[in-house]
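Residue numbers (the working numbering): 5 to 247.
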């Protein structure tokens, strides 16, 4: 009950910033629409809807990190967390209370993205469900990044880390709208050492019905997600201890 009450408060705080929330949902959807429109006017298929949708869905998670980081950083700066630390709430209540509404937002973002893709020509099949499911480790990763950033950064710094750095990393190194192997070399090596391109490829394989081929990519993303989650939890607990 404590966790759900705190999660409900955090959900209300996030939805209260409706303009930021609207941008987080609308921008990836608009990007999907524009790239699909470009696709319809060129002979080749760099922006085929089956290839593009998982990449845009992953890109939208960078806004989840921004929401998470901004919320925690603002709670720290206004001493809200300091007052909560005097209550019976423990660290697991805080962490789950922040994470649960963020998972809900991530699910809504994925649903909106795939729904728009359906109206843009994505075939309706059970593979859409599997494609969304394979993105959940990536959602956990981006939530953990937001929790970590919010625990150590100010609101302005979170805007730079999650709003600029993470967004660009995800845009350029995920292969969302171009094949990183076309560039090759060190760029491809760096991209495949990070989890973003693996998350996109896992979701694409699932959307194509090749579930077995998703496993290496999902495993890579899951390792990053667990590692980042451990770092976020450790950092948050340390902040609680020394407040």
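From the three backbone atoms N, C-alpha and C, an ideal C-beta is built for every residue, glycine too. For clarity, every value in this text was computed on a predicted model and none was experimentally measured.
Legend entry - Exposure of residue 12, with buried meaning 16 or more beta-carbon neighbours within 10 Å: Here residue 12 is taken as the residue at index 8 of the chain shown, counted from 1. The residue in question, residue 12, is exposed, as its Cβ has fewer than 16 Cβ neighbours within 10 Å.
Legend entry - Neighbour-count burial assignment, residue 222, 16 or more Cβ in a 10 Å radius: For the purposes of this step, residue 222 is taken as the residue at position 218 of the chain shown. By the neighbour-count criterion, in which 16 or more other beta carbons inside 10 Å mark a residue as buried, residue 222 falls on the buried side.
Legend entry - Among 241, 17, 80, 113, the one whose alpha carbon lies nearest that of residue 158: By 1-based counting over the chain shown, the position of residue 158 is 154. For residue 158, the nearest C-alpha among the options comes from 80.
Inset, instruction - Ignore the nearest five residues each way along the sequence and tell me which others in residue 32's own chain have a CB closer than 8 angstroms to its CB. - result: The count along the chain shown starts at 1 and reaches residue 32 at position 28. The residues are 60, 61, 63, 64, 67, 113, 117.
Legend entry - Of the listed residues 45, 123, 201, nearest to residue 183 (C-alpha basis): Here residue 183 refers to the residue found at position 179 when the chain shown is read from its first residue. Per the Cα distances, 201.
Inset, instruction - Check whether the Cβ atoms of residue 7 and residue 71 lie closer than 9 angstroms to each other. - result: As a working note, residue 7 is residue 3 in the chain shown. As a working note, residue 71 is residue 67 in the chain shown. When the beta-carbon positions are compared, residue 7 and residue 71 stay at least 9 angstroms from each other.
Legend entry - residue 129 vs residue 236 beta-carbon contact at 9 angstroms: The sequence position of residue 129 within the chain shown is 125, counting from 1. The sequence position of residue 236 within the chain shown is 232, counting from 1. No, they are not a contact pair.
Legend entry - In chain order, each beta strand (DSSP E) run of at least 3 residues that lies wholly inside the region 105-133: Contiguous beta strand (DSSP E) elements confined to the region 105-133 do not occur, taking only those with 3 or more residues.
Inset, instruction - Grab me the residues of residue 145's own chain with a C-beta within less than 7 angstroms of its C-beta, minus the 5 sequence neighbours each way, in chain order. - result: Position 141 of the chain shown, counting from 1, holds the residue named residue 145. Short of 7 angstroms from the beta carbon of residue 145, and not among the five residues preceding or following it, lie these beta carbons of its own chain, in chain order: 199, 225, 228, 229, 232.
Legend entry - Span of the alpha helix (DSSP H) around residue 59: Start at 1 with the first residue of the chain shown, and residue 59 comes out as number 55. Residues 53-81.
Legend entry - Under the three-state DSSP convention, the category residue 171 falls into: On the chain shown, residue 171 is found 167 positions in, with the first residue counted as 1. Residue 171 falls in the helix class under three-state DSSP.
Inset, instruction - Let me know the secondary structure DSSP gives residue 249 once reduced to three states. - result: The requested residue 249 does not occur in the structure, where the chain is confined to residues 5 to 247.
Inset, instruction - Compare the Cα-Cα distances from residue 125 to each of 238, 217, 39, 234 and report the closest residue. - result: Counting from one through the chain shown, the residue named residue 125 turns up at place 121. Per the C-alpha coordinates, the member of 238, 217, 39, 234 positioned closest to residue 125 is 39.
Inset, instruction - Using a threshold of 9 angstroms, state whether the C-beta atoms of residue 298 and residue 69 are closer than that. - result: Outside the shown range of the chain, which is 5 to 247, sits residue 298, and nothing can be said about it.
Legend entry - The alpha helix (DSSP H) enclosing residue 195, as first and last residue numbers: On the chain shown, position 191 is the one that residue 195 refers to. Residue 195 -> alpha helix (DSSP H) spans 189-197.
Inset, instruction - Let me know the secondary structure DSSP gives residue 139 once reduced to three states. - result: Against the chain shown, residue 139 aligns to sequence position 135. Correct three-state label for residue 139: coil.
Inset, instruction - May I ask you to report which of helix, strand or coil DSSP gives residue 28? - result: What you label residue 28 is simply residue 24 of the chain shown in a count that begins at 1. Reduced to three states, the DSSP call for residue 28 is helix.
Legend entry - Other residues of its chain near residue 195: CB distance less than 6 angstroms, five sequence neighbours each side excluded: By one-based count along the chain shown, residue 195 stands at place 191. The answer, listed in chain order, is 177, 184, 201.
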